[in-house]
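In the working numbering, the protein residues as written are 46 to 190.
Below, the structure written as structure tokens:
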């Protein structure tokens, strides 16, 4: 079944999400942090298109294969620093929002990130979750090449 292409079926809404993505790109968030957020949320949501795209982008930006392979098990590896761990924990809890964001996770993120950076991290998590939902709802598939 061919599903709709969001950018042609609802161009105004798509442009609004693109504007949010451009905002995220203009913030002080590091490329590494943005990549971790995008990859982890996409893994949790099961968006193959986004996992493929963002792991490819992370490699191009210099992320190591070892770290990429271990994002889904970040708690059990020594490969991520304190800020990255706080960002990954927050990404998981915001993505799985029915369980709420725990006080512990929020407090830890607030301890290692300043208020502006924390707000930008949350906005980045929200943005990739929106993209994931479009990818999943419309069954976007990664290219074979």
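Think of the CB as a built atom: it goes at the ideal place given N, C-alpha and C, for glycine as much as any other residue.
beta-carbon residue i near the ligand SAM non-hydrogen atom, thresh 7 Å
{"i": "residue 98", "result": "The ligand SAM is absent from the structure shown, which contains no ligands of any kind."}
Cβ-based neighbour list, residue i, same chain, cut-off 7 Å, excluding 5 preceding and 5 following
{"i": "residue 130", "result": "119"}
{"i": "residue 94", "result": "180, 185, 186 and 187"}
{"i": "residue 99", "result": "80, 83, 84 and 87"}
{"i": "residue 31", "result": "With the chain covering only 46 through 190, there is no way to say anything about residue 31."}
Nonlocal neighbours in the same chain, by C-beta distance under 6 Å from residue i, ignoring five residues either side
{"i": "residue 92", "result": "177, 180 and 181"}
{"i": "residue 156", "result": "none"}
{"i": "residue 162", "result": "none"}
{"i": "residue 59", "result": "51 and 52"}
Whole-number beta carbon distance between residue j and residue i, since they are thought to touch under 8 Å
{"i": "residue 136", "j": "residue 82", "result": "5 Å"}
DSSP-derived helix/strand/coil call for residue i
{"i": "residue 103", "result": "helix"}
{"i": "residue 79", "result": "helix"}
{"i": "residue 70", "result": "helix"}
{"i": "residue 95", "result": "helix"}
{"i": "residue 48", "result": "coil"}
{"i": "residue 56", "result": "helix"}
{"i": "residue 183", "result": "coil"}
{"i": "residue 90", "result": "helix"}
Closer than 8 Å to chain C by CB, residue i
{"i": "residue 118", "result": "Among the protein chains of the structure shown there is no chain C, as only one such chain exists."}
Option in the options with minimal Cα separation from residue i
{"i": "residue 79", "options": "170, 175, 189 and 190", "result": "170"}
{"i": "residue 190", "options": "112, 101, 158 and 165", "result": "101"}
{"i": "residue 154", "options": "104, 138 and 174", "result": "138"}
{"i": "residue 76", "options": "125, 109 and 103", "result": "103"}
{"i": "residue 115", "options": "144, 172 and 125", "result": "125"}
{"i": "residue 127", "options": "110, 140, 145 and 152", "result": "152"}
Neighbourhood of residue i by C-beta distance below 8 Å, restricted to the same chain and skipping five residues each side
{"i": "residue 113", "result": "84, 100, 103 and 104"}
4 or more residues per run - each alpha helix (DSSP H) lying fully within the stretch 109–160: 110–115, 127–140 and 148–157
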